[in-house]
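Participant: Sharing a structure below in structure tokens format, with a few things to ask.
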Amino acid sequence: MKAEIISIGSELTSGKNLDTNSQWLSIQLAAMGIPVGWHTTIADDFDANLQAFDIASQRAGLVIASGGLGPTQDDLTREVLAKLINQPLEFHQPSWDTIVEMFTKRNRACPDRNKVQAFFPKGAEPIPNESGTAPGIWMKAKQSYIAALPGVPREMKSMFEAWLKTRLIELGLAQGVLIQRKINTFGLGESAIEEKLFDITKRGNDPEVGITASDAVISLRILASADNEAAAFKKIAPAEAIIRERLGELVFGVEEEELQDVVHQMLQKAGKTIATAESITGGVLASKFTKVPGASARYLGGFVTYTNDVKKSALGVPAELLEQFGACSKEVTLAMAEGCRERTGADFALATTGVAGPGGLSPDLPEGKVFVALAWKGGAHSETNQWFGNRNEVQSRTAKMALNILRLHLLKEAKHG
């Protein structure tokens, strides 16, 4: 059996609001072993809603909808569900009493219009709402169980946890557990990663391995279903071992770990400190370091040196280097890193330069061409890369590139001393 999640609201289809309910519901259902096959988002239109529920009730064993249960004219879910099963709406006095009581507790008069929230398709069961005025709806249509919940995330989550989750278990719809393991990598593109893992990412494998890309970070998602968590993780372990063996140092973390989290842990373990000198990234790299709790123990501070004059005065970059090679160059980036390290006393310093765009500076310096340097006592290293994307994407990816360069250097130090 697969589930379908329907999100209702013109504010969602217009892009004004982000649909976070579907994501949350999918995670909860996965934990119960109920796979989600479809996400559907529809505007506040009666015919479109009716069509969506009709299709969903034919292909999914469970349909969970959020939205459309308010008291206004564009809240259509009650009428749509009644039409779906060709039944009239019936007034439910206990639900109305609860709604009135909710307003009384808030020292507010209950508008007559809210009475529509106490109407349900004949044969449907109200789902209690302890956090708001809109009760949910539980019913059967064709081959599907349908649960309609409010669109307000706090109310929807509370009703799922307090009522719907128990009902799904009682009906035997929960099928064990569905566990996901996320492996995060940096340094290769999505297609190159897939080439290395082609055999284990084929459709139909158990466990299932998928690839997703987000701002230059490529994640492998291992999905396994089983009767319990231990059995699911036992399925996941061999696939994760293959991924780690084939990708090696491209793997930097798991689940929601970001590069700065891992780098901070490595600096902490090594007892080392870091400082930054930024041009192209304009403080983005410093921001990533300081997002980590306890960052001040390892991150000493940084410079944003956007002009040549400030590069010279703040970091001591020689004028002749700037004149000979230009600000966007390996040589200047190395000088920035060394100047930053000397002035802050940090064990390591990272520096960034490049062309964020829009537009390039020359054929040799197109939009997205970046330089990153790492300096430490007695040595330095620099890398260049060509990013494709808008200005914000180039800055963010360059900051991640810098973090990854430091990560790989710390790995090397840990191995060889």
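Numbers 985 to 1401, taken from this note's numbering, label the letters of the sequence shown in order.
Glycine included, each C-beta is placed from N, C-alpha and C at the ideal position.
Bear in mind that the values here come from a model prediction, so they are computed numbers and not experimental data.
1. Classify alanine 1131 as helix, strand or coil using the three-state DSSP reduction.
2. Helix or strand or just coil, what does DSSP make of asparagine 1369?
3. Can you give me the Cβ contacts of lysine 1272 inside the same chain, cut-off strictly under 7 Å, excluding the 5 residues immediately before and after it?
4. Would you list, in sequence order, the uninterrupted alpha helix (DSSP H) runs of no fewer than 4 residues that lie entirely inside the stretch 1307 to 1379?
5. Helix, strand or coil: how does DSSP classify phenylalanine 1273 here?
6. How long is the line joining the alpha carbons of threonine 1257 and leucine 1394, rounded to whole angstroms?
7. Can you give the Cα-Cα distance for arginine 1230 and aspartate 1003, rounded to whole angstroms?
8. For isoleucine 1121, which residues in the same chain have their Cβ closer than 8 Å to its Cβ, ignoring the five residues on either side in sequence?
9. Determine which residues share a DSSP beta bridge with phenylalanine 1287 and list them.
10. Counting Cβ pairs closer than 8 Å, one from the stretch 1081 to 1091 and one from the stretch 1006 to 1024, do we hit at least three?
11. Could you check if glycine 999 is buried or exposed, using at least 16 other CB atoms within 10 Å of its CB as the buried criterion?
12. Just tell me which of Ala1093, Leu1269, Leu1207 has its CA closest to the CA of isoleucine 1389.
13. Does the distance from the C-beta atom of lysine 1353 to that of glycine 1373 stay below 8 Å?
14. Evaluate contact between the stretch 1187 to 1206 and the stretch 1140 to 1152, counting only Cβ atoms and requiring at least three cross-stretch pairs below 8 Å.
15. On a CA-only basis, which of Lys1089, Phe1075, Glu1114 is nearest lysine 1099? Give me that one, please.
16. Are there three or more Cβ pairs, one per stretch, closer than 8 Å when the stretch 1223 to 1243 is compared with the stretch 1359 to 1369?
17. Please report how far the alpha carbon of glutamine 1164 lies from the alpha carbon of glutamine 1012, in whole angstroms.
18. For alanine 1101, count neighbouring Cβ atoms within 10 angstroms of its own Cβ and tell me buried if that reaches 16, exposed if not.
19. Assuming alanine 1208 and proline 1191 make a contact with CB atoms under 8 Å, what is their CB distance in whole Å?
20. Taking only the alpha-carbon atoms, compute the straight-line gap between lysine 1067 and leucine 1034 and give it to the nearest angstrom.
21. Using only the alpha-carbon positions, how far apart do cysteine 1312 and leucine 1306 sit?
22. Between which two residues does the alpha helix (DSSP H) containing glutamate 1242 stretch?
23. Assuming alanine 1340 and cysteine 1324 are in contact, meaning their beta carbons sit under 8 Å apart, how far apart are those beta carbons, in whole angstroms?
24. Count the other CB atoms, across all protein chains shown, that sit within 10 Å of the CB of histidine 1248; report buried if there are 16 or more and exposed otherwise.
25. For the beta strand (DSSP E) containing arginine 1092, list its first residue and its last residue.
26. From the DSSP output, in three-state form, read off histidine 1023 for me.
27. So the beta strand (DSSP E) proline 1110 belongs to, where does it begin and stop?
28. At what residues does the beta strand (DSSP E) containing lysine 1141 begin and finish?
29. Can leucine 1251 and glycine 1171 be called in contact, C-beta distance under 8 Å?
30. Within the same chain, show all residues whose beta-carbon is closer than 7 Å to that of aspartate 1059, passing over the 5 residues directly before and after it, in chain order.
31. Quick check for students: name the residue ranges of the alpha helix (DSSP H) that lie wholly in the stretch 1169 to 1244, counting only runs of 4 or more.
32. DSSP three-state call for isoleucine 1018: helix, strand or coil?
33. Could you give the residue range of the alpha helix (DSSP H) that holds leucine 1034?
34. Between the Cα of glycine 1266 and the Cα atoms of Glu988, Asn1369, Arg1381, Gln1077, which residue gives the shortest distance?
35. If I follow the unbroken alpha helix (DSSP H) through valine 1064, where does it start and stop?
36. Which one or two residues does DSSP pair with glutamate 988 in a beta bridge?
Facilitator: The short version:
1. Position 147 of the sequence shown holds residue 1131. Of the three classes helix, strand and coil, the one that applies to alanine 1131 here is strand, per DSSP.
2. Taking the first residue of the sequence shown as 1, we reach residue 1369 at position 385. Asparagine 1369 falls in the strand class under three-state DSSP.
3. Walking along the sequence shown from the start, residue 1272 turns up at place 288. Closer than 7 Å at the Cβ level, and outside the excluded window around lysine 1272, lie Gln1244, Ala1383, Leu1387.
4. 1314 to 1328
5. In the sequence shown, the residue the question calls residue 1273 occupies position 289. If DSSP states are grouped into helix, strand and coil, phenylalanine 1273 belongs with the helices.
6. Along the sequence shown, one-based indexing puts residue 1257 at 273. Along the sequence shown, one-based indexing puts residue 1394 at 410. Cα-Cα distance, rounded: 12 Å.
7. Your numbering for residue 1230 matches position 246 in the sequence shown. Your numbering for residue 1003 matches position 19 in the sequence shown. Answer to the nearest angstrom: the Cα atoms are 36 Å apart.
8. Reading the sequence shown from its first residue, position 137 is the one you call residue 1121. Excluding residues within five positions, the ones whose Cβ falls inside 8 Å are Leu1053, Thr1061, Arg1062, Leu1065, Phe1104, Pro1105, Ala1108, Glu1109, Pro1110, Ile1111, Ile1130, Ala1131, Ala1132.
9. In the sequence shown, the residue the question calls residue 1287 occupies position 303. Ala1261.
10. no
11. By one-based count along the sequence shown, residue 999 stands at place 15. By the 10 Å Cβ count, glycine 999 comes out exposed.
12. Counted from its first residue, the sequence shown places residue 1389 at position 405. Comparing Cα positions, the closest option is Leu1269.
13. Along the sequence shown, read from residue 1 onward, the residue named residue 1353 stands at position 369. Along the sequence shown, read from residue 1 onward, the residue named residue 1373 stands at position 389. No, these two residues do not count as a Cβ contact at 8 Å.
14. By the C-beta criterion, the stretch 1187 to 1206 is judged not to be in contact with the stretch 1140 to 1152, since fewer than 3 inter-stretch pairs fall below 8 Å.
15. The residue labelled residue 1099 in the question sits at position 115 within the sequence shown. Closest by alpha carbon: Phe1075.
16. no
17. Working through the sequence shown from its first residue, we reach residue 1164 at position 180. Working through the sequence shown from its first residue, we reach residue 1012 at position 28. About 12 Å.
18. For the purposes of this step, residue 1101 is identified with residue 117 of the sequence shown, where counting begins at 1. For clarity, residue 1101 is glutamine in the given sequence; the question names alanine instead. The residue is buried, with at least 16 neighbouring Cβ atoms inside 10 Å.
19. The sequence position of residue 1208 within the sequence shown is 224, counting from 1. The sequence position of residue 1191 within the sequence shown is 207, counting from 1. Yes, alanine 1208 and proline 1191 are in contact; Cβ-Cβ is about 4 Å, under 8 Å.
20. Mapped onto the sequence shown, residue 1067 falls at position 83. Mapped onto the sequence shown, residue 1034 falls at position 50. In this structure, the straight-line span from the alpha carbon of lysine 1067 to that of leucine 1034 is close to 8 Å.
21. Here residue 1312 refers to the residue found at position 328 of the sequence shown. Here residue 1306 refers to the residue found at position 322 of the sequence shown. Rounded to whole angstroms, cysteine 1312 to leucine 1306 spans 9 Å at the Cα level.
22. On the sequence shown, residue 1242 is found 258 positions in, with the first residue counted as 1. Run containing glutamate 1242: none; DSSP gives neither H nor E here.
23. The residue you call residue 1340 lines up with position 356 of the sequence shown. The residue you call residue 1324 lines up with position 340 of the sequence shown. Contact doesn't hold; Cβ gap of about 20 Å is too wide.
24. Residue 1248 sits at position 264 when you count from the first residue of the sequence shown. So histidine 1248 counts as buried.
25. Taking the first residue of the sequence shown as 1, we reach residue 1092 at position 108. Here arginine 1092 belongs to no beta strand (DSSP E), and DSSP marks it neither H nor E.
26. Looking up residue 1023 in the sequence shown gives position 39. Histidine 1023: strand per DSSP, three-state reduction.
27. In the sequence shown, the residue the question calls residue 1110 occupies position 126. Here the beta strand (DSSP E) through proline 1110 covers 1109 to 1111.
28. Translated into the one-based positions of the sequence shown, residue 1141 becomes position 157. Careful: lysine 1141 lies outside any beta strand (DSSP E), inside the alpha helix (DSSP H) at 1137 to 1143.
29. To locate residue 1251, count along the sequence shown from 1; it is residue 267. To locate residue 1171, count along the sequence shown from 1; it is residue 187. Leucine 1251 is not a Cβ neighbour of glycine 1171, given a cutoff of 8 Å.
30. Mapped onto the sequence shown, residue 1059 falls at position 75. Result list for aspartate 1059: Gly1052, Leu1053, in chain order.
31. 1174 to 1180, 1213 to 1231
32. If you number the sequence shown from 1, residue 1018 lands on position 34. Looking at isoleucine 1018 - three-state DSSP - the assignment turns out to be coil, as it is neither helix nor strand.
33. The residue you call residue 1034 lines up with position 50 of the sequence shown. From DSSP, the alpha helix (DSSP H) with leucine 1034 extends over 1030 to 1043.
34. Taking the first residue of the sequence shown as 1, we reach residue 1266 at position 282. Ranking Glu988, Asn1369, Arg1381, Gln1077 by Cα distance to glycine 1266 puts Arg1381 first.
35. One-based indexing of the sequence shown puts residue 1064 at position 80. 1061 to 1068 is the span of the alpha helix (DSSP H), which, as asked, contains valine 1064.
36. Translated into the one-based positions of the sequence shown, residue 988 becomes position 4. Trp1022, Val1047, per the DSSP bridge assignment.
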